[in-house]
Amino acid sequence: MREAYIASKLDPKLHLTPKRVEMARLLSLGLSVKQIAARMNVSHSTVAEHIHLMIHSLKVKNARELVVRAIEHGFIELQLPLPDRSTPP
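First residue of the sequence shown? That's 27 in my numbering, and the numbers climb one at a time after it.
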């Protein structure tokens with residue numbers, strides 16, 4: 027089975043898998059790699075690797091820039107207000 031891809035609204039050559047889009051969305055909500063792994067039922071190292079690959083493909087320096095670029099490219103939408111980080115989602 028071939029995995030579907032979601033195309034960037036700014037650059038049609040840039041695509042992310044739905045799993046990576048979901049990881050970027052969860053990052054945008056302030057979840058840690060460990061929390062994302064638990065929520066998506068995958069290992070911590072799997073999430074870390076996907077984030078690393080997204081950072082490379084979107085040509086950014088860190089996870090914060092990854093979230094900004096994912097919003098700019100239309101992969102995710104900024105959800106306001108941001109959740110209170112003192113309580114787990």
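No residue lacks a Cβ here, since even glycine has one placed at the ideal position from N, Cα and C. Remember, predicted model here, so these are calculated numbers, not experimental data.
Comparing alpha-carbon positions, the option among 103, 104, 62 and 99 lying closest to residue 37 turns out to be 99. Judged by their CB atoms, residue 81 and residue 54 are not nearer to each other than the 9 angstroms cut-off. In the DSSP assignment, residue 72 falls within the alpha helix (DSSP H) that extends over 70-83.
With respect to the 9 angstroms criterion, residue 30 and residue 44 are classified as neighbours on the basis of their beta carbons. By the neighbour-count criterion, in which 16 or more other beta carbons inside 10 Å mark a residue as buried, residue 46 falls on the buried side. Closest in alpha carbon position to residue 60, among 104, 51, 70 and 66, is 70.
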